[in-house]
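Top to bottom, those sequences are chains A and B. Residue numbers for the first sequence follow my numbering, beginning at 6 and rising by one. Residue numbers for the second sequence follow my numbering, beginning at 354 and rising by one. Glycine is no exception: its CB is placed at the ideal position from the N, C-alpha and C atoms. The model shown is predicted, which means the values in this text are computed figures rather than measured ones. Take a look at the structure set out below.
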Amino acid sequence: MSAVDTWVSAFHAGSAVQPGADLPWLAALRREALYRFADEGWPTRRHPRWQHTSLAFMDQQDFAANTVAPDAAAALSRLRADNEGHWLVFIGGRFNAGLSAIGALPAGVQLSSLAEALDTQPEAVQAAFGSATDGDSPAALNLALATDGAWLHLPRGVALDAPVHLVFIGGADTASQHLRNLIVAEANSEATLVEHYLGEGEATTLTTATTRLQVAADARITHLKLQQEAEPAIHLASIDAVQGRGAHFASHSLSFGARLARNDIHTRFDGEGCEALLNGLYHLDGRRHVDHHTSINHAQPRGSSREFYRGLLDGNARGVFTGRIIVAKDAQRSDAMQRCDNLLLSRAVEADARPELEIYADDVKCAHGATVGQIDEDSLFYLRTRGLDDTHARQLLTYAFAADALDRIALLPLRKQARAALLARLPGAELLEELL
Amino acid sequence: MLDIKNLKASVEGKDILKGLDLQVKAGEVHAIMGPNGSGKSTLSQVLAGRDAFEVTDGSVTWDGQDLLAMPIEERARAGLFLAFQYPVEIPGVSNAYFLKAAVNAVRKHRGLPEFDAMDFLTRVKAEMKAVGMKEEFLYRAVNEGFSGGEKKRNEVLQMALLEPRLAILDETDSGLDIDALKVVADGVNRLRSPERSLIVITHYQRLLDYIVPDHVHVLSQGRIVRSGGRELALELEEKGYGWIGDAGEIHAAPPAAGGAQ
């Protein structure tokens, strides 16, 4: 059972062998986070940020490890077939050096597991680690239990040409995995970071993940998350960025797996003239539930944010989107635009799209919109009059709806991979294979 | 041969076609003219299979088959083509993919080998040249951001690629300047053959200067109220549709059209 006590016991059982267990600041931080989680418990609908996604059921939820070990090597070779990059692989929440291939890095770049970084440069990690008060109680649980994750430090002015790929695969002996990734990008640096979450099997597993990004002045960071966990999995994650003057941050969140997935994505403009792109795509069927809770804090002037979320909802699925935009009192000439569009593929689905705008400045441009619709009958008729059967025409139009989100992924190999991941989920995808 | 008998169709309980009769033989070009609201577009949509229209009476037989019983895509595969008055934009799908999917769906049905990428490109580029479309239109999303003329060229391109036995052009001339009209008409004329029938639906006779019909029909209030040769189109050009009464009945013989008879 996943009642709060279970996690407290798990903490006490494992804390002595967690990476960095001998660091007093970290031990204290983990305890503080655990106490917060124990105190608050799982969020329920009474929590203002969890009105559409209650985790009350977690108190009664059993988690179990999958009995069959995933074929990580095969999954990895599929991923690596089309993608260059620096590869870090984590199985069941632990870095796997044998499967990883970090490769050559420009001088001064640090890329390693978090466990290793805690050994070699605990002070730098401490500065980036985050606090027990960040986010909501699941984020605190993640801080308390995280066993590993990635550490990336980009020195000033350094650009990584190839993306960093983090691959997280559920383990054969772990019912839950807790990951924490820390990215520190100094001024004028540039990199693309991809998080792949993979899983197979029938067991209900839990993944918690936190990715924290410091994007210093004029740095450019693209973050892409591809969540393809197994059908029964529960996935609770947050992505937390802070941007310095003129920094550019792009987040792409593609959510295709898991029974319940929650992503809290947050960025704060800590300097003037920041730019952010928050792009999201989710495909849900069966009884899946995906919740993206985003917030963009225009804390400084002349920032620009663009947010686009698209959902494909089938079966009895439920898709939730919250887009919070805060424009601080002195953040004049901020420019924010937000859209959320959902395509309903069955009558039994539910889509919630909620903009939350808090604007305290007076010289701002701020636009938001949300749509919920079905496949367009005129388009369907047009395609069928050209000889395409009903199934093919519907798949094509479903794909076309999602293509808008895929096209915002600038790096072509990543776009291609995201497209393949989507097509793998659409029935009749073989008809569309030529789109690849 | 297409044989339409006493066709009645309604949309949302409103009768649009009220007993339409028309026969189109192989190789013939029929123009259907009529004022706005006479049922011209409804006729084309019913023939193509749009289910928003309910056929309440009558029959449509096409080469011995009950056309109205065929699903939309079966009609297309059997060789019926509708050039849309308002072609639909499909963002996210390239024109190349769309055209190839359409051509191969039709070829498969006809027992022909499907085109591979190379064969298809060779074929489509030749046809695009003929209708004056630049190659970049292959890689743009279907009709997205196309001008009115570009959309109509894309319709004629599809018609050329799909090689229909019966093509219906629904106000293909609307919104075109005279140059675009000529290109579109050339494209259509190249497809004229003894096996292929054409139904050209138009409000204006201007298109018929370029696509010369064998027969002209006047549609009013859901019925064909007059049929004739090409001279009927010229007469309509001169006299307008005013001589057709509100009830679709001809109150009087049309005024003599200055020696056109």
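The continuous stretches of alpha helix (DSSP H) do not include Gly411(B), which lies in the beta strand (DSSP E) extending over residues 407–415. With the criterion set as a beta carbon lying under 9 Å from some beta carbon of chain B, the members of the stretch 387–410 of chain A are Tyr387, Leu388, Arg389, Thr390, Arg391, Gly392, Leu393, Asp394, Asp395, His397, Ala398, Leu401, Leu402, Tyr404, Ala405, Phe406, Ala407, Ala408, Asp409, in sequence order.
For Ser20(A), DSSP records no beta bridge to any residue. The Cβ of Phe473(B) sits no closer than 8 Å to any Cβ of chain A.
Chain B has a Cβ within less than 8 Å of the Cβ of Ser384(A). Interface residue (Cβ-Cβ distance to chain A less than 8 Å): Val565(B) is not classified as such. Gly378(A) is bridged by DSSP to Leu348(A). In the three-state DSSP reduction, Asp374(B) falls in the strand class (E or B). Residue pairing by DSSP places Phe100(A) opposite Phe95(A) in a beta bridge. Beta-bridge analysis with DSSP links Gln182(A) to Thr212(A). Neighbours of Pro444(B) across chain A, judged by C-beta separation under 8 Å: Ala405, Ala408, Asp409. Excluding residues up to 5 positions away in sequence, Trp47, Pro48 lie with their Cβ nearer than 6 Å to the Cβ of Leu60(A) in the same chain. Per DSSP, reduced to three states, the secondary structure at Ile188(A) is strand. Secondary structure of Glu277(A) (DSSP, three-state): coil. Excluding sequence positions up to five before and after Pro168(A), its CB lies within less than 6 Å of the CB of Gly90, Thr197, Val199, all in the same chain and listed in chain order. Non-local beta-carbon contacts of Phe62(A) in its own chain, meaning distances under 6 Å to residues more than five positions away in sequence, are absent. Within the same chain, Cβ atoms closer than 6 Å to the Cβ of Leu28(A) are found at Pro127, the five residues on either side in sequence being excluded. Counting the other CB atoms within 10 Å of its CB gives Gln65(A) a total below 16, which places it among the exposed residues. Residues of chain A with a Cβ closer than 7 Å to the Cβ of Arg403(B) are, in chain order, Phe386.
Not a single C-beta of chain A is nearer than 8 Å to the C-beta of Ile597(B). Taking every protein chain shown into account, the CB of Ala362(B) has 16 or more other CB atoms within 10 angstroms, so this residue is buried. Here Gln422(A) carries a helix assignment [DSSP, helix/strand/coil].
Counting C-beta pairs with one atom in each stretch, the stretch 579–587 of chain B and the stretch 561–571 of chain B have three or more that are closer than 8 Å, which means they touch. Within the same chain, Ala70, Gly97 come within 7 Å of Asp178(A) by CB-CB distance, once the 5 residues on both sides are set aside.
Where Tyr563(B) is concerned, there is no enclosing alpha helix (DSSP H), because DSSP gives it neither an H nor an E. The three-state reading of DSSP puts Ser394(B) in helix, counting H, G and I together. Bridge partners of Ser580(B) according to DSSP: His570(B).
Residue pairing by DSSP places Trp30(A) opposite no residue, since no beta bridge is assigned to it.
With 16 or more other Cβ atoms inside 10 Å of its own Cβ, Leu534(B) counts as buried. Any Cβ of chain A closer than 8 Å to the Cβ of Val578(B) would place that residue at the interface, and such an atom is absent.
Taken in chain order, the complete beta strand (DSSP E) segments of 3 residues or longer contained in the stretch 230–265 of chain A are 239–248, 253–260.
Residues of chain A whose Cβ lies closer than 9 Å to the Cβ of Phe437(B) are, in chain order, Tyr387, Thr390. As computed with DSSP, Val220(A) is found in a beta bridge with Ala190(A), Gln248(A). The beta carbon of Glu205(A) sits closer than 6 Å to the beta carbons of Pro75, Ala235 from its chain, once the five residues preceding and following it are set aside; these are given in chain order. With its beta carbon less than 8 Å from one in chain A, Gln511(B) belongs to the interface. Separation of the CB atoms of Ala429(B) and Thr525(B) is rounded to 17 Å, and the pair is thereby denied contact status at 8 Å.
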